[in-house]
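J.:
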Amino acid sequence: MEVDTTIDLGNTLQLLQQIYILILRRMQIFQRTVVEIADRLPKELAVYKLELVILKSLRGA
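The sequence shown lines up with residues 9 to 69 when you count with the working numbering.
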């Protein structure tokens with residue numbers, strides 16, 4: 009009994025493209041959030057807050 013192990017490359021590529029688009033959107037949202045935070049805070053606090061945001065995002069990834 010043979011098992012069909014072929015992969016539908018069209019669907020696989022489409023899925024990878026959708027994942028890539030989702031990652032890009034997340035990056036854009038993250039970038040906007042960082043810019044908004046930095047705009048609201050004095051420079052010294054903005055740098056500190058940026059470090060915290062980056063650390064939290066890395067832990068969540």
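Don't be surprised by glycine CBs; every beta carbon is placed ideally from N, CA and C. For clarity, every value in this text was computed on a predicted model and none was experimentally measured.
Quick check on the DSSP output: the alpha helix (DSSP H) that includes Thr41 runs from which residue to which?
T.: Leu17 to Arg48 is the span of the alpha helix (DSSP H), which, as asked, contains Thr41.
J.: If you measure between the beta carbons of Ile45 and Ala54, is that distance less than 9 Å?
T.: Yes, they are a contact pair.
J.: Taking Cβ positions, are Leu58 and Val42 nearer each other than 9 Å?
T.: Contact flag set, yes.
J.: Using the Cα positions of Tyr56 and Lys64, report the straight-line distance between them to the nearest angstrom.
T.: Cα-Cα distance, rounded: 13 Å.
J.: Where does the unbroken alpha helix (DSSP H) through Glu10 begin, and where does it stop?
T.: Run containing Glu10: none; DSSP gives neither H nor E here.
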